Amino acid sequence: MALLPFFGSIVSVVLSQLWNPLVLHLGYPVKVEGNVKKLTIFTKRLQARRDDIKAQIDIAERRHKTCKHEAKEWLQRVEAIEGEVEAVKHAYDERCRCCGEFSLDIIGKHRISRRAAKKLKRVMELFDQGGAFEEIAVELPPPPIEEMPIASAVIGMQSNLEKILRHLKDDEVGAVGVWGMGGVGKTTLLKTINNHLLADFESFRYDHVVCIAASKGCKLENLQLDIAEKIGLYLKQDSSITTSHTSAIFNFLKNKKFLLLLDDLWEPIDLAGVGIPQPNGARNQKIVLTTRFEEVFGNMGVHTKIKLECLEPDNAWELFKNSVSEDTVNSDARIQSLARKVCRRCSGLPLALISVGRSMSTKRTLQEWENAIASLENTRLSEIHV
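Below, the structure is given as structure tokens:
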């Protein structure tokens, strides 16, 4: 007799395990309208939370941050459940339209109500997950290469561009020096190299391409800050240039494939002091420098040098026409003849061709062009915005 309570409790548990699911299933047809309404309400709450999170992501992206992967995946799951909820609502609306709200189609009601209950559970889970994010976005690392703006058409540089690209693929070459007079196109060439590598990234696959201007009187600390910003490296503001900054840049780059495009050097720079590892072609760690003075390379270990010359007459005319505009040059046959004279006065110097050409782009009288020729006869090329 003592076993009766024990068996009674077992029977009670078994019956409850059988009864509860039975009641749940029997209740589905009755609760179909309520389940669909609940699903609709909680889906709207989920969509509101989704919109809030999207707004946070939009603000973060404006601050150069990027959405975290878990937040992206959550948004994708929300988008998926939205489609599934719409399918349930559509099935319910169709059933009401065809059979009426008080239809005796128990099986149809059961099926829709059960689907609605399952989706409701999933919607509520996603709602809770969306509220549990501690951080929606993280700092966006800089891209390996950033496109550089080029103010004018690139004409007559193809040969030098191809030459430098060959050096970049040559394991024997670590540093390339480009030199020539001011305005001859050194900066434009560097930017063209940068943009070519961006367009053909798979052929070179640098971890970092850093294009910065040294300029006259530049300081090592300024170079360090510019380089650090380009590669996304945090430098402590209170540290010594010759210790922490140099070590930080060196340790970051020493195992990376990088290309440093350093423009407009006026004097030799201690690249090791900046933190730049010794150029090593075999490890795809390279440097391209530009300067007006060839002797700058002598103290920097640059043995592969390229001198930029002024443009040949045909290329000079093409660049000048692009700067003036075809409409102006072709507005009068006499103007075109004078334009060629102005072009020749620029002696093939790209910056002079561009500067003079742009200044003449609105000049459509013979007198204006004759005045320009007379002015250029008394002007040195170095004075033409170089």
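Read left to right, the sequence shown gives residues 241 to 626 (our numbering).
Ideal Cβ positions, reconstructed from N, Cα and C, are used throughout, including at glycine.
Given the structure is predicted, the values throughout are model-derived calculations rather than measurements.
If you draw a straight line from the Cα of VAL564 to the Cα of GLY597, it is about 5 Å long. Here PHE560 really is in contact with LEU593; their C-beta atoms are around 5 Å apart, less than 8 Å.
Counting only runs of at least 4 residues, the region 273-313 fully encloses no alpha helix (DSSP H) element at all. Residue range 511-514 is occupied by the alpha helix (DSSP H) that includes VAL514, with no beta strand (DSSP E) assigned at that position. Taking a C-beta distance under 8 Å as the contact criterion, LEU360 and ILE321 do not qualify as a contact pair. The beta-carbon separation of ILE352 and ALA331, rounded to 5 Å, stays under the 8 Å limit for a contact. In the displayed model, ILE594 falls within a helix according to three-state DSSP. Taken atom to atom, the span from the alpha-carbon of VAL536 to that of SER571 is near 46 Å. Contact annotation: the region 607-621 touches the region 578-585, with at least three C-beta pairs closer than 8 Å. Put simply, the region 505-521 does not touch the region 393-401. Fewer than three CB pairs are less than 8 Å apart. C-alpha of LEU548 to C-alpha of HIS436: approximately 19 Å in a straight line. Between the region 491-508 and the region 455-473, the count of Cβ pairs shorter than 8 Å is three or higher; the stretches touch. Within the model, the alpha-carbon separation for LYS358 versus GLU375 is close to 29 Å. The Cβ neighbour count for ASP554, taken over all protein chains shown within 10 Å, is under 16; the residue is labelled exposed. GLY423 counts as buried, since at least 16 other C-beta atoms from the protein chains shown sit within 10 angstroms of its C-beta. Under the criterion of beta carbons closer than 8 Å, LEU408 and LYS526 qualify as touching, at roughly 6 Å.
Per DSSP, the unbroken alpha helix (DSSP H) holding ALA488 starts and ends at 486-493. Taking C-beta atoms as the reference points, ASN400 and ILE546 count as a pair closer than 8 Å.
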